[in-house]
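A short write-up of the structure that comes next.
Protein chains in written order, with the numbering used here: chain S, 1 to 379; chain U, 1001 to 1221.
This is the structure in structure tokens:
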């Protein structure tokens, strides 16, 4: 299994970085944390833009930094998308795209790659434009295409959406999700926006003050009671489901998730395909029994694992799906009053009523993923 | 009269060319380096801005004279004598006009910042490659200003020329000296022709520069 191995331990300016991790070289790994936690510094160290003496870094066994060895940035097979798009003002869009390609030894003429990627990123009509004539979102899409056209072995993205306004953000997110589904290279995605993590990441590296606080699969991390995700007012559960069948009569697809099944509107693709679902905690309610008929389709047996205080007036109940609580984690947002009147306690069996589960973009997860809970959750 | 005009253009053109070649790396170094003593170099480069040209000419004359260490060395090794020659004027002009070329280029390099260079590095461009394909094109307005100012300033120099060049027709008698000569000899009409020509030429030069800058500004912002 190919991996990115990184060990950075030392002082960069007045900032101390102390991380040691290995990530599989596939999918999107979010470097997540508050501003000033060292995310960008870490990404710059991986790109070789900042040199941290004594660090060790290798991709697929190729050493980029070790001891005195330090591969300069322009010799590392990376693509880098900066916060500011950083398009060259003296070149038009097409020449910006080919700048990196030519230097990376990718032929610009006899490849359809440029055309295909331009199509995917929605910039085909902009190729002959001057950079100053583009909107913020268009510039960032060009910058992403420019990085990808070099066929990098690792894509580094430093808060690519943070410099954009909300409209431009919403415009570009679908493109990123599209990319995520098609890219075969690993992506390190720096962000402090939880929603971007939920929509794009496969894994999370959680940083705080230059230290690695936790790391793991997205579904597992979002549900960990010791991390800030699960106790957020607008917490979500992300889980992968396998398409079992499609009911033509009602237009509903049935998905197998860990510990049960879910019925979701619309056709989700052929049987056996894995899809990622996003369930907002506020879309999950709890019931003692299934005695009363309900318009809610998905009512799953679950076991209460933990009751978490949130930053708001409600509480987040961390459940595990299944009669014995053997399945995926699920978060439900309930009021303090309900918790008291229903006398909800950890260990109690309950029914989770899921009002809505939205698909994450056009996301098809490349691999079946197991949501094994970490020991922390069992404590 | 034409002799003086051609000599002046030759001197200014050659000086500007040398200054662009020497000034560019110097400007880059000044824009990028972070050592404390860079400010000393910076002050030395800027010195001709405030120094009376006659003072500069006086010291240049001393250093260039065959009796001095440097002048003697040049004379013995290469057979070059600098005082009262065209070559000497070129050396003097290069020093005198240095800040007028280096400062605009340095400002342009500083305005680019480190971001485009880092972007180029992530696009596999080597340091020299990124200098040539990113820094130079983006600093174009600075080069234009530097070249125009350096050229014009050399055309207009008087004090330094008088000190180290004298007044040898075809060798060191440039326009400004020629005008001075005509005025001294009360040849007003010749002085008018040359001065008026300089006025018109200078205006056209600056005007053209501004038009080009405006056009580039439209393209790049």
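For every residue, glycine included, the Cβ atom is placed at its ideal position computed from N, Cα and C.
A quick note: this is a predicted structure, and the numbers were derived from the prediction, not measured.
* Asked: Got a sec: which bits of the stretch 81-100 of chain S sit with their beta carbon under 7 Å from any beta carbon on chain U, in order along the chain?
  -> Taking 7 Å as the Cβ-Cβ cut-off against chain U, the residues of the stretch 81-100 of chain S that qualify are 82, 84, 86, 88, 89, 90, 99 and 100.
* To do: With DSSP as the reference, please indicate the residues paired to residue 9 of chain S in a beta bridge.
  => Taking the first chain and counting its residues from 1, the one referred to as residue 9 of chain S is at position 9. Its beta-bridge partners are S:18.
* **Rounded separation between residue 1038 of chain U and residue 68 of chain S - CA only** => Here the question's residue 1038 of chain U lines up with position 38 in the second chain. Here the question's residue 68 of chain S lines up with position 68 in the first chain. About 29 Å.
* Asked: What's the gap between the Cα of residue 154 of chain S and the Cα of residue 28 of chain S?
  -> Within the first chain, the letter at position 154 stands for residue 154 of chain S. Within the first chain, the letter at position 28 stands for residue 28 of chain S. Rounded to whole angstroms, the separation of the alpha carbons of residue 28 of chain S and residue 154 of chain S is 10 Å.
* Determine the extent of the alpha helix (DSSP H) in which residue 1053 of chain U is found, giving its start and end residues. => Counting from one through the second chain, the residue named residue 1053 of chain U turns up at place 53. 1053-1064 is the span of the alpha helix (DSSP H), which, as asked, contains residue 1053 of chain U.
* Asked: For residue 1029 of chain U, which of helix, strand or coil comes out of DSSP?
  -> As a first step, residue 1029 of chain U is located in the second chain; it is residue number 29 there, counting from the start. Looking at residue 1029 of chain U - three-state DSSP - the assignment turns out to be helix.
* Asked: In or out: residue 324 of chain S buried (at least 16 other Cβ within 10 Å) or exposed?
  -> Position 324 of the first chain, counted from the start, is the residue given in the question as residue 324 of chain S. Exposed: under 16 other Cβ atoms inside 10 Å.
* Asked: Of all the CB atoms in chain U, is at least one closer than 8 Å to the CB of residue 73 of chain S?
  -> Here residue 73 of chain S corresponds to residue number 73 of the first chain, with the count starting at 1. For residue 73 of chain S, the answer is yes, since a Cβ of chain U falls inside 8 Å of its Cβ.
* For residue 80 of chain S, which option in S:275, S:202, S:228 and S:148 has the closest C-alpha, if you only look at C-alpha atoms? -> Counting from one through the first chain, the residue named residue 80 of chain S turns up at place 80. Minimum Cα-Cα distance from residue 80 of chain S among the listed residues S:275, S:202, S:228 and S:148 corresponds to S:148.
* Name, please, each residue of chain U whose Cβ falls closer than 7 Å to the Cβ of residue 78 of chain S. => Position 78 of the first chain holds residue 78 of chain S. Those are 1122, listed as they occur along chain U.
* Could you check which residue in S:279, S:183, S:8 and S:253 has the C-alpha nearest to that of residue 230 of chain S? => Numbered from its first residue, the first chain carries residue 230 of chain S at position 230. The candidate whose alpha carbon is nearest that of residue 230 of chain S is S:279.
* **Which residues DSSP lists as bridging residue 260 of chain S, in chain order** => Within the first chain, numbered from 1, the residue matching residue 260 of chain S stands at position 260. Partner(s): S:257.
* Asked: Are residue 1102 of chain U and residue 1045 of chain U closer than 8 Å when you measure CB to CB?
  -> By 1-based counting over the second chain, the position of residue 1102 of chain U is 102. By 1-based counting over the second chain, the position of residue 1045 of chain U is 45. Going by C-beta atoms, residue 1102 of chain U is nearer than 8 Å to residue 1045 of chain U.
* To do: Using the Cα positions of residue 342 of chain S and residue 34 of chain S, report the straight-line distance between them to the nearest angstrom.
  => By one-based count along the first chain, residue 342 of chain S stands at place 342. By one-based count along the first chain, residue 34 of chain S stands at place 34. Cα-Cα distance, rounded: 36 Å.
* Would you call residue 41 of chain S buried or exposed, if buried means 16 or more other Cβ atoms sit within 10 Å of its Cβ? -> Walking along the first chain from the start, residue 41 of chain S turns up at place 41. Buried, because 16 or more other Cβ atoms sit within 10 Å of the Cβ of residue 41 of chain S.
* **Coarse secondary structure for residue 214 of chain S, derived from DSSP in three states** => Within the first chain, numbered from 1, the residue matching residue 214 of chain S stands at position 214. In this structure, residue 214 of chain S counts as strand in the three-state DSSP scheme.
* Asked: Does the beta carbon of residue 163 of chain S come closer than 8 Å to any beta carbon on chain U?
  -> By 1-based counting over the first chain, the position of residue 163 of chain S is 163. Not closer than 8 Å to any Cβ of chain U, the Cβ of residue 163 of chain S fails to qualify, so no.
* **According to DSSP, residues forming a beta bridge with residue 306 of chain S** => For the purposes of this step, residue 306 of chain S is taken as the residue at position 306 of the first chain. S:318.
* Asked: Considering only C-alpha positions, which residue in the set S:237, S:261 and S:266 is nearest to residue 250 of chain S?
  -> Your numbering for residue 250 of chain S matches position 250 in the first chain. The shortest C-alpha separation from residue 250 of chain S is found at S:266.
* Report the neighbours of residue 1118 of chain U on chain S: residues whose CB is nearer than 9 Å to its CB, in chain order. => Mapped onto the second chain, residue 1118 of chain U falls at position 118. Ordered by position in chain S, the residues that pass the 9 Å Cβ test against residue 1118 of chain U are 44, 47, 49, 73, 80, 82 and 86.
* To the nearest angstrom, how far is it from the Cα of residue 88 of chain S to the Cα of residue 1076 of chain U? -> As a first step, residue 88 of chain S must be located in the first chain, where it is residue number 88. As a first step, residue 1076 of chain U must be located in the second chain, where it is residue number 76. Straight-line Cα distance between these residues: approximately 52 Å.
* Asked: At a CB-CB cut-off below 9 Å, which residues of chain S make contact with residue 1138 of chain U?
  -> In the second chain, the residue the question calls residue 1138 of chain U occupies position 138. Those are 88, 89 and 90, listed as they occur along chain S.
* To do: Could you pull the start and end residues of the beta strand (DSSP E) that residue 119 of chain S belongs to?
  => Here residue 119 of chain S is taken as the residue at index 119 of the first chain, counted from 1. Careful: residue 119 of chain S lies outside any beta strand (DSSP E), inside the alpha helix (DSSP H) at 113-120.
* Asked: How would you list, in chain order, the residues of chain S whose beta-carbon sits under 9 Å from the beta-carbon of residue 1125 of chain U?
  -> Taking the second chain and counting its residues from 1, one reaches residue 1125 of chain U at position 125. By Cβ distance, chain S contributes 74, 99, 100 and 103.
* In whole angstroms, what is the alpha-carbon distance linking residue 102 of chain S and residue 78 of chain S? -> For the purposes of this step, residue 102 of chain S is identified with residue 102 of the first chain, where counting begins at 1. For the purposes of this step, residue 78 of chain S is identified with residue 78 of the first chain, where counting begins at 1. Roughly 14 Å separates the two Cα atoms.
* Nearest-angstrom Cα separation, counted from residue 356 of chain S out to residue 285 of chain S -> Residue mapping note: residue 285 of chain S aligns to position 285 of the first chain, counting from 1. Residue mapping note: residue 356 of chain S aligns to position 356 of the first chain, counting from 1. Going from the Cα of residue 285 of chain S to the Cα of residue 356 of chain S covers about 11 Å.
* Given residue 313 of chain S as reference, the closest of S:346, S:297 and S:233 once Cα atoms are compared -> Indexing the first chain from 1 puts residue 313 of chain S at position 313. Looking only at S:346, S:297 and S:233, the smallest Cα-Cα distance to residue 313 of chain S is reached by S:233.
* If we ignore side chains and look at the alpha-carbon of each, how far apart do residue 1162 of chain U and residue 1196 of chain U end up? -> Within the second chain, the letter at position 162 stands for residue 1162 of chain U. Within the second chain, the letter at position 196 stands for residue 1196 of chain U. Whole-angstrom Cα-Cα distance: 22 Å.
* Asked: Beta-carbon separation of residue 172 of chain S and residue 145 of chain S under 8 Å?
  -> Here the question's residue 172 of chain S lines up with position 172 in the first chain. Here the question's residue 145 of chain S lines up with position 145 in the first chain. No.
* Whose Cβ in chain U lies nearer than 8 Å to the Cβ of residue 150 of chain S? -> To locate residue 150 of chain S, count along the first chain from 1; it is residue 150. Residues of chain U passing the Cβ test: 1123 and 1124.
* Asked: What residues of chain S sit near residue 1135 of chain U, judged by a beta carbon separation below 7 Å?
  -> In the second chain, residue 1135 of chain U corresponds to position 135, counting from 1. Those do not exist, as residue 1135 of chain U stays about 10 Å from chain S at its closest Cβ, beyond 7 Å.
* To do: May I ask which residues mark the beginning and end of the alpha helix (DSSP H) holding residue 355 of chain S?
  => Numbered from its first residue, the first chain carries residue 355 of chain S at position 355. Taken as a continuous stretch (DSSP letters only), residue 355 of chain S belongs to no alpha helix (DSSP H), as it is neither H nor E.
* With a cut-off of 8 Å, does the C-beta of residue 1115 of chain U fall near any C-beta of chain S? -> Residue mapping note: residue 1115 of chain U aligns to position 115 of the second chain, counting from 1. Using beta-carbon distances, residue 1115 of chain U counts as an interface residue toward chain S, with a partner under 8 Å.
* To do: Count the other CB atoms, across all protein chains shown, that sit within 10 Å of the CB of residue 408 of chain S; report buried if there are 16 or more and exposed otherwise.
  => Because chain S spans 1 through 379 in this model, residue 408 of chain S falls outside it and cannot be assessed.
* Measure the alpha-carbon distance for residue 1168 of chain U versus residue 1202 of chain U and round it to whole angstroms. => Locating residue 1168 of chain U in the second chain gives position 168, counting from the first residue. Locating residue 1202 of chain U in the second chain gives position 202, counting from the first residue. Near 25 Å, if we compare the C-alpha coordinates of residue 1202 of chain U and residue 1168 of chain U.
* Jot down the residue ranges of each uninterrupted beta strand (DSSP E) in the stretch 48-107 of chain S, minimum 3 residues, whole runs only, in chain order. => 56-59, 62-66 and 78-81
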